[in-house]
Amino acid sequence: MLSFARLAAAPLALGVALAASGALPARAGADDAPAPVPSLELALFPVLTMQQIEGPNRDDLITLGAGLATMLAADVRLWGWFEPGVTVQLDVGSSRRASYERPGADGVAAEAAVVEGTYWELWLTLMLRARLGEHVFVELGWAPLILRDDAARGDLPNTRGETDGVFVGSRSVAWTLGVGARVPLAADLDLTLRLQGRIRYLVARGGEPLADDEETGQILLWPYIGLRYAL
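Take a look at the structure:
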């Protein structure tokens, strides 16, 4: 996953380098106008995940996910550099859970069981973004709402023993962090290149806490390209 992020982040690195060098044209009046400037951004990008779980109470477990994410963001530029906003992101794809027995004398871990299914994950994120010059920016987000439905995670029941409910994310560990650059395409249209990471824990399912106070966490890092339009 990390190597994929490094490879795909090449366009972002190029955009940041161009912005820092001043090679990108500045939009006339962008920093002179004190009036708030609302904007909308739309992005579509792939999401790949892998997670390995080891514990004394279960066999080694590996979960895989591959999907497509759609993100819609709305923000308002204030004072020329500060952009608070909100984002809605929906990931949809397929997931796979494989458990492995402990390695035998030959050192090989046999695959004990495989469960496959589909998943979706929804994030509603409050975002604070700061512009570093005309094109480069950094942003921090907190998600008060995270929902996930995953048909392959029947190994995570809630306290009532139910395994088919929607997961709910913790509000204390639900953060995103991003850095990126914008390339002007037209008077009010930018191409956005961003490298974003997010961390979250799922703590409940079907309205009840997970059994045995279990939590399942995930840290993701991926690049994406979006289009941003100033209204």
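All the letters of the sequence shown, read from the start, carry residue numbers 0 to 230 under numbering that gives the first Met the number 0.
Every residue gets a Cβ at the ideal spot worked out from N, C-alpha and C, and that includes glycine.
Small disclaimer: the values here were computed from a predicted structure and weren't measured.
Assumed close pair residue i, residue j - CB separation to whole angstroms, cut-off 8 Å
i    : j    : result
E120 : D90  : 4 Å
S93  : T62  : In fact, because the Cβ distance is near 12 Å, the residues do not count as touching under 8 Å.
R95  : A151 : 6 Å
L71  : T86  : 7 Å
Chain-order list of residues whose beta-carbon lies under 6 Å from that of residue i (same chain, five-residue window excluded)
i    : result
P37  : V75 and L230
Q51  : I61
L226 : L41
D30  : With a pLDDT of 48 at D30, under the threshold of 50, the predicted position of this residue should be treated as unreliable, though the coordinate-derived value follows. Around D30: G79.
W122 : Q88, A142 and I145
L190 : V182 and L184
L43  : T69
G164 : R204 and G205
A112 : S98
Residue closest to residue i, alpha-carbon to alpha-carbon, out of the options
i    : options                  : result
G216 : A112, E161 and F166      : F166
R159 : S98, L47 and A203        : A203
A73  : L131, V46 and P35        : P35
V172 : S98, L47 and G140        : G140
E213 : G206, G205 and L201      : L201
L192 : E161, S169 and I224      : I224
L127 : R170, L77 and P208       : L77
G168 : S98, E207 and V113       : E207
E161 : A97, G205 and A112       : G205
W174 : L125, T48, A112 and A129 : L125
Residue range of the beta strand (DSSP E) that includes residue i
i    : result
D232 : As shown, the chain starts at 0 and ends at 230. That puts residue 232 outside it, with no answer to give.
V165 : Where V165 is concerned, there is no enclosing beta strand (DSSP E), given that its DSSP letter is neither H nor E.
L189 : Checking the sequence, you will find Asp at residue 189 rather than Leu. Note, D189: beta strand (DSSP E), L188 to R204.
P222 : T215 to A229
Proximal residues to residue i (C-beta, below 7 Å), its chain only, five neighbours per side dropped
i    : result
Y228 : S38, L39, D187 and L188
V15  : Here V15 scores only 48 on pLDDT, less than 50, and its place in the model is too uncertain to base an answer on.
L131 : V137
S20  : At S20 the pLDDT is 49, less than 50, meaning the model places this residue with poor confidence and gives no usable figure here.
R170 : P143
Contacts around residue i, its chain only, beta-carbon distance under 8 Å, and the 5 residues preceding and following it disregarded
i    : result
V46  : G64, A65, G66, L67, A68, D90, G92, L219 and W221
A129 : W80, F81, E82, F136, V137 and E138
* Can we say the stretch 82-89 touches the stretch 127-136, given the rule of at least three CB pairs closer than 8 Å? -> Output reads yes: the stretch 127-136 touches the stretch 82-89.
query = Taking contact to mean at least 3 C-beta pairs separated by less than 8 Å, is the stretch 171-191 in contact with the stretch 148-163?
reply = no
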